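Residue 66 in this note's numbering sits at position 37 of the sequence shown; the count goes up by one each step and never skips. Glycine included, every Cβ here is placed at the ideal spot set by N, Cα and C. Just so you know, these numbers come straight off a predicted model, no measurement behind them.
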Amino acid sequence: MSLVNNVLSSKSHFAPLFLRVPVGIILMAHGSQKLFGWFGGYGLEGTGKFMASLGLHPGILMAGMAGSAEFFGGLCLILGLLTRPAAAVIGFTMLVAIFSVHIGNGLFLANNGFEYALALAAVCASLLVSGSGRLSIDKILSAKIS
Numbered sequence: 030m031s032l033v034n035n036v037l038s039s040k041s042h043f044a045p046l047f048l049r050v051p052v053g054i055i056l057m058a059h060g061s062q063k064l065f066g067w068f069g070g071y072g073l074e075g076t077g078k079f080m081a082s083l084g085l086h087p088g089i090l091m092a093g094m095a096g097s098a099e100f101f102g103g104l105c106l107i108l109g110l111l112t113r114p115a116a117a118v119i120g121f122t123m124l125v126a127i128f129s130v131h132i133g134n135g136l137f138l139a140n141n142g143f144e145y146a147l148a149l150a151a152v153c154a155s156l157l158v159s160g161s162g163r164l165s166i167d168k169i170l171s172a173k174i175s
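Given below as structure tokens:
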């Protein structure tokens, strides 16, 4: 099986759909806060300053990378397009968020802890293993390549 087939292949079930779509919507919203300042976000400049204050330099580049991973990765999850690579990038982004922002605050979200980022990373790990499932662009592309 080719590398492309490995990336696109998936079991023919619906379970990943129920993870992909809501998490993709959430990630797109978070990414749009970072990139565009939508939904009460700080935009690229404000998020970049925050990231620089954490020691993530250059801040604007890091904000752009994190925002793009969330926004475009979330879009890919919704569509079921390149689900495994998107899940890998988003999962890595969540791990960076956990260890650079949230780990010192403990688990709970009420204390700005890492529970939410951990939950998103777990969803990404699941999608990395399972693939996108039945209703996805990956499934259509995989069938055409085979």
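Indicate whether residue i and residue j have their beta-carbon atoms separated by less than 8 Å.
i: residue 215; j: residue 61; result: Because the chain in this structure spans residues 30 to 175, residue 215 falls outside the shown range and cannot be described.
i: residue 165; j: residue 109; result: yes
i: residue 48; j: residue 156; result: yes
i: residue 175; j: residue 167; result: no
i: residue 131; j: residue 151; result: no
i: residue 73; j: residue 95; result: no
Would you mind reading off the limits of the alpha helix (DSSP H) that contains residue i?
i: residue 71; result: Note, residue 71: premise wrong, no alpha helix (DSSP H); not H, not E.
i: residue 211; result: Lying outside 30 to 175, the shown extent of the chain, residue 211 is not represented and no answer is given.
i: residue 171; result: 166–174
At least one CB of chain B closer than 8 Å to the CB of residue i: is that the case?
i: residue 84; result: Annotation note: the requested chain B is absent from the structure, which comprises a single protein chain.
Quick check on DSSP: helix, strand or coil for residue i?
i: residue 85; result: coil
i: residue 113; result: helix
i: residue 160; result: coil
i: residue 79; result: helix
i: residue 103; result: helix
i: residue 143; result: coil
i: residue 47; result: helix
Skipping 5 residues on each side, what residues in its chain have a beta carbon closer than 8 Å to that of residue i?
i: residue 129; result: 83, 84, 85
i: residue 107; result: 49, 50, 53, 54, 57
i: residue 87; result: 77, 81
i: residue 154; result: 116, 120
Short of 7 Å in beta carbon distance, which residues of its chain neighbour residue i, apart from the five on each side in sequence? Order them along the chain.
i: residue 140; result: 134
Spatial neighbours of residue i within its chain, please: C-beta separation below 6 Å, excluding the five flanking residues on both sides.
i: residue 111; result: 105
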